[in-house]
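Colleague: One structure coming up, written as structure tokens, with questions to follow.
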Amino acid sequence: MINYDDVLIKNDPLYPDLMKAFNIVKDFIIDNKLIIVGGMALDYALKLKGSGIYDENELPDYDLLSPDSYQDSIKLGIELCKSKMENVSIIRGYHIPTTRVRVENVGVADLSYCPKSVYDELNTIMYEGFRLIHPYYQLIDQHNAFAYPYRKPQWGGNVNVWKKYDERIKLVLEFFPLPNKGLCDDTFPKEYRIKIADVAGLCIAGYSAHPFYYNEVDVDGNELILKMFKDEVILFSNTFSETVKSFEKKYKSKAVFYNAYLSKFPKSAKIKTPDYTFIIMENDTDYVSATTYKIKNNEFCIISVNWTLSYYLFIEEFYGYKLLQTSRGIKMLDDEDANKIVCISENVATPITYYGVNNLHPSLIFSRLQFENTANVASLVPKNLYPKLETNCDVSGEFLYDSEYYKIDGKKINSNK
Numbered sequence: 093m094i095n096y097d098d099v100l101i102k103n104d105p106l107y108p109d110l111m112k113a114f115n116i117v118k119d120f121i122i123d124n125k126l127i128i129v130g131g132m133a134l135d136y137a138l139k140l141k142g143s144g145i146y147d148e149n150e151l152p153d154y155d156l157l158s159p160d161s162y163q164d165s166i167k168l169g170i171e172l173c174k175s176k177m178e179n180v181s182i183i184r185g186y187h188i189p190t191t192r193v194r195v196e197n198v199g200v201a202d203l204s205y206c207p208k209s210v211y212d213e214l215n216t217i218m219y220e221g222f223r224l225i226h227p228y229y230q231l232i233d234q235h236n237a238f239a240y241p242y243r244k245p246q247w248g249g250n251v252n253v254w255k256k257y258d259e260r261i262k263l264v265l266e267f268f269p270l271p272n273k274g275l276c277d278d279t280f281p282k283e284y285r286i287k288i289a290d291v292a293g294l295c296i297a298g299y300s301a302h303p304f305y306y307n308e309v310d311v312d313g314n315e316l317i318l319k320m321f322k323d324e325v326i327l328f329s330n331t332f333s334e335t336v337k338s339f340e341k342k343y344k345s346k347a348v349f350y351n352a353y354l355s356k357f358p359k360s361a362k363i364k365t366p367d368y369t370f371i372i373m374e375n376d377t378d379y380v381s382a383t384t385y386k387i388k389n390n391e392f393c394i395i396s397v398n399w400t401l402s403y404y405l406f407i408e409e410f411y412g413y414k415l416l417q418t419s420r421g422i423k424m425l426d427d428e429d430a431n432k433i434v435c436i437s438e439n440v441a442t443p444i445t446y447y448g449v450n451n452l453h454p455s456l457i458f459s460r461l462q463f464e465n466t467a468n469v470a471s472l473v474p475k476n477l478y479p480k481l482e483t484n485c486d487v488s489g490e491f492l493y494d495s496e497y498y499k500i501d502g503k504k505i506n507s508n509k
């Protein structure tokens with residue numbers, strides 16, 4: 093595929109100066125041990141496996157993470173000036189925490205801020221002196237793009253990158269298959285009772301959304317009966333402050349607030365109750381893919397499975413490896429049909445198929461999300477949104493915006509009178 097921007101730049105009289113600038117940027121990245129993210133990170137990671145997504149002759153596109161991005165941008169600009177580069181400029185990037193360093197109005201590096209406490213914990217791999225974010229970490233962003241179709245409206249929304257991200261997810265899982273040895277809990281999911289009134293008008297996510305994906309939800313009077321792997325109920329609210337105050341008053345419990353985690357997870361508030369913890373997530377200015385339910389005149393939503401996958405991946409990337417170090421009594425067995433691998437602990441045997449790949453992710457939280465007949469991840473995106481948006485957003489061609497697999501609207505929920 094022809095990259096017309098590259099053709100234009102390579103035939104520009106300034107091309108030699110730009111290549112000189114890119115070499116300076118390359119040395120700066122390596123010397124300062126900055127982390128490359130985005131397409132370049134994935135391309136370099138795949139090149140370690142003999143593959144890639146970019147042509148060898150394409151100009152670099154350096155997207156970087158730094159615990160001090162503003163100062164690093166200035167330092168890089170100074171290095172370029174010392175090398176007699178002309179028309180060096182530093183401007184704000186597309187995103188608020190990003191600065192762009194340019195030479196002759198051509199971006200040579202985008203540096204995004206990442207808190208040092210997070211930066212030091214990021215899982216990276218090496219390629220020719222570069223530190224690359226691990227491809228598993230990028231899956232978080234890719235699944236988020238499917239969960240939030242209307243983000244980045246200046247580029248026509250995330251829908252425009254679905255095809256690209258679907259292809260990249262397949263490449264990651266082909267060349268970086270999820271581990272076949274992993275962690276299993278020694279307990280089955282526990283049963284929790286959630287008041288229907290508590291979720292009315294909100295969007296259920298994470299562990300608490302998990303039972304809905306399998307239609308394993310019962311109703312007893314005015315309560316939902318959910319079998320969950322963890323005692324937390326995640327609820328998205330488009331009236332965040334009011335919802336938090338309401339829960340504080342109802343449960344006589346003071347909320348603990350958490351800032352948004354980079355661009356991956358929104359601001360949240362944690363409210364403890366005797367039986368479980370509510371995590372209220374801010375969704376005041378966003379639209380997330382979700383499926384609508386109505387039980388006893390109470391309407392609520394179940395978040396797209398893509399958001400839950402991104403949440404599980406986040407937990408795995410930052411906490412899974414630590415859990416593996418402390419796990420005991422775990423062994424692996426091949427299933428008799430040789431099509432699946434099962435994880436055996438004292439009480440649990442859990443097969444998994446994730447994105448058409450038969451293997452076991454190192455955590456039980458992934459073990460029951462089986463999408464064996466899924467052609468691509470976009471087909472797991474429900475058509476509705478939370479909060480509701482009166483807009484028809486059709487996705488043409490191969491991307492099925494409302495697949496048969498995920499069409500759970502109207503499925504019967506058992507009701508115990």
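Take the position in the sequence shown, starting the count at 1, then add 92; the result is the number in the working numbering. Quick reminder that beta carbons are idealized off the backbone N, C-alpha and C, glycines included.
Take L168 as the anchor and find which of N149, E391, V117 and K176 has the nearest alpha-carbon.
Modeller: Numbered from its first residue, the sequence shown carries residue 168 at position 76. Among N149, E391, V117 and K176, the Cα nearest to that of L168 is on V117.
Colleague: Could you compute how far the alpha carbon of A133 sits from the alpha carbon of K139?
Modeller: In the sequence shown, counting from the first residue as 1, residue 133 sits at position 41. In the sequence shown, counting from the first residue as 1, residue 139 sits at position 47. A133 and K139: Cα-Cα distance of roughly 10 Å.
Colleague: Quick test of your reading: L316 and I363, contact by CB under 8 Å. State the CB separation rounded to the nearest angstrom.
Modeller: Within the sequence shown, the letter at position 224 stands for residue 316. Within the sequence shown, the letter at position 271 stands for residue 363. About 18 Å separates the two Cβ atoms, so there is no contact after all.
Colleague: Can you give me the start and stop residues for the beta strand (DSSP E) that C206 sits inside?
Modeller: In the sequence shown, the residue the question calls residue 206 occupies position 114. Unbroken run through C206: none, as it is neither H nor E.
Colleague: Helix or strand or just coil, what does DSSP make of S181?
Modeller: Numbered from 1 along the sequence shown, position 89 holds the residue referred to as residue 181. Reduced to three states, the DSSP call for S181 is strand.
Colleague: Which parts of the region 281–322 are runs of the alpha helix (DSSP H), unbroken and 4 residues or longer, counting only runs that do not cross its ends?
Modeller: Counting whole runs of 4 or more residues, the region 281–322 contains the alpha helix (DSSP H) stretches 288–291 and 302–305.
Colleague: Quick one: what's got a C-beta closer than 6 Å to A301's C-beta in the same chain, skipping five residues either side?
Modeller: As a working mapping, residue 301 is identified with position 209 in the sequence shown. Contacts found: I394, I395 and T400.
Colleague: What residues in its chain sit with their C-beta under 7 Å from that of Y368, if we drop five residues either side in the sequence?
Modeller: The count along the sequence shown starts at 1 and reaches residue 368 at position 276. Answer for Y368: Y284, D323, E324 and V325, listed in chain order.
Colleague: Would you call the region 257–272 and the region 135–153 touching, i.e. three or more CB-CB distances under 8 Å?
Modeller: Counting Cβ pairs under 8 Å, three or more are found: they touch.
Colleague: With respect to the beta strand (DSSP E) encompassing D176, which residues constitute its N-terminal and C-terminal limits?
Modeller: By one-based count along the sequence shown, residue 176 stands at place 84. The question names Asp, but residue 176 is Lys in the sequence shown. Careful: K176 lies outside any beta strand (DSSP E) and carries neither H nor E.
Colleague: Using DSSP bridges, identify the partner residues of D155.
Modeller: Along the sequence shown, read from residue 1 onward, the residue named residue 155 stands at position 63. According to DSSP, which records beta bridges pairwise, D155 is partnered with V129 and D202.
Colleague: Let's test the definition: count the other Cβ atoms within 10 Å of the Cβ of C295 and tell me whether it reaches 16, buried, or not, exposed.
Modeller: The sequence position of residue 295 within the sequence shown is 203, counting from 1. Under this definition C295 is a buried residue.
Colleague: On the three-state DSSP scale, how would you describe E334?
Modeller: Reading the sequence shown from its first residue, position 242 is the one you call residue 334. It is helical.
Colleague: If I measure Cβ to Cβ from N179 and keep anything under 6 Å in the same chain, skipping five residues before and after, which residues do I get?
Modeller: As a working note, residue 179 is residue 87 in the sequence shown. Result list for N179: E196, in chain order.
Colleague: DSSP has L477 in a bridge; who is on the other side?
Modeller: Looking up residue 477 in the sequence shown gives position 385. Its beta-bridge partners are S381.
Colleague: Mind the definition here: the region 377–392 touches the region 214–225 only if three or more C-beta pairs lie below 8 Å; say whether that holds.
Modeller: These segments do not touch.
Colleague: Secondary structure at I166, three-state DSSP: helix, strand or coil?
Modeller: The residue labelled residue 166 in the question sits at position 74 within the sequence shown. DSSP places I166 in helix when its eight states are reduced to three.
Colleague: If you count every other CB in all the chains shown that lies within 10 Å of the CB of L100, and 16 or more means buried, which is it?
Modeller: Position 8 of the sequence shown, counted from the first residue, corresponds to residue 100. It is exposed - the Cβ of L100 has fewer than 16 other Cβ atoms within 10 Å.
Colleague: For the alpha helix (DSSP H) that contains I116, what are its first and last residues?
Modeller: As a working note, residue 116 is residue 24 in the sequence shown. Element bounds for I116: Y107 to D123.
Colleague: Can you tell me the Cβ-Cβ gap for P303 and V311, rounded? I've got them flagged as a contact below 8 Å.
Modeller: Residue mapping note: residue 303 aligns to position 211 of the sequence shown, counting from 1. Residue mapping note: residue 311 aligns to position 219 of the sequence shown, counting from 1. So it is not a contact: roughly 12 Å between Cβ atoms.
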